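**Student:**
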Amino acid sequence: MNNLFKALNDPTRRQILDLLREGDLNAGEIAERFDMTKPSISHHLDLLRQAGLVESVKQGQFITYSLNTTVLDDLLAWLMSFQKNESPASATNATEQAPKQIR
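Just so you know, we're using UniProt numbering here: the sequence shown kicks off at 1 and counts up by one.
1) Let's test the definition: count the other Cβ atoms within 10 Å of the Cβ of R33 and tell me whether it reaches 16, buried, or not, exposed.
2) Going by CA-CA distance only, name the one from F82, D74, M80, Q83 that's closest to M1.
3) Comparing alpha-carbon positions, which option in L25, Q15, L48 lies nearest D35?
4) Please state the DSSP three-state secondary structure of F82.
5) Helix or strand or just coil, what does DSSP make of F5?
6) May I ask which residues mark the beginning and end of the beta strand (DSSP E) holding T12?
7) Whose C-beta lies closer than 8 Å to the C-beta of residue 107 among residues of the same chain, with five residues either side of it excluded?
8) Start and end of the beta strand (DSSP E) containing L67?
9) Just list the residues that DSSP pairs V54 with in beta bridges.
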């Protein structure tokens, strides 16, 4: 979970997540939207992947990234367990019953 919070702590990584919410993008398409080097974007993408927030698939010479919302669902359930004084398992059951948004 430390990797998750580390990944979410950076504004650039949060902006990347916002972009991926709109649809899958390859690394070059993501890099075009930022005023930083491609290696810097690759570093951010690697941290997001390590945290489980994005998934990557190599397609030819490109790597396409997509948002992985299951990690966020788990985080939300864990956080909600503090608000309601519930165990994380019962909070997870509550979030599973709610309609899920698809990218």
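Idealized CB from N, CA, C, for every residue including glycine. Just so it is clear, the structure is predicted and the values come from calculations on it, not from any experiment.
**Tutor:** With the given structure in hand:
1) Taking the first residue of the sequence shown as 1, we reach residue 33 at position 33. By the neighbour-count rule (16 or more Cβ atoms within 10 Å), R33 is not buried but exposed.
2) Stepping through the sequence shown from its first residue, residue 1 is reached at position 1. Considering only alpha carbons, the answer is D74.
3) Taking the first residue of the sequence shown as 1, we reach residue 35 at position 35. Here the closest residue by C-alpha is Q15.
4) Counted from its first residue, the sequence shown places residue 82 at position 82. Note: F82 maps to helix in three-state DSSP.
5) Start at 1 with the first residue of the sequence shown, and residue 5 comes out as number 5. Residue state, collapsed to three classes: helix.
6) Taking the sequence shown and counting its residues from 1, the one referred to as residue 12 is at position 12. No beta strand (DSSP E) holds T12; the alpha helix (DSSP H) holding it covers 11-21.
7) Nothing can be reported for residue 107, as the shown portion of the chain is limited to 1 through 103.
8) Stepping through the sequence shown from its first residue, residue 67 is reached at position 67. L67 -> beta strand (DSSP E) spans 62-67.
9) To locate residue 54, count along the sequence shown from 1; it is residue 54. Paired residue(s): L67.
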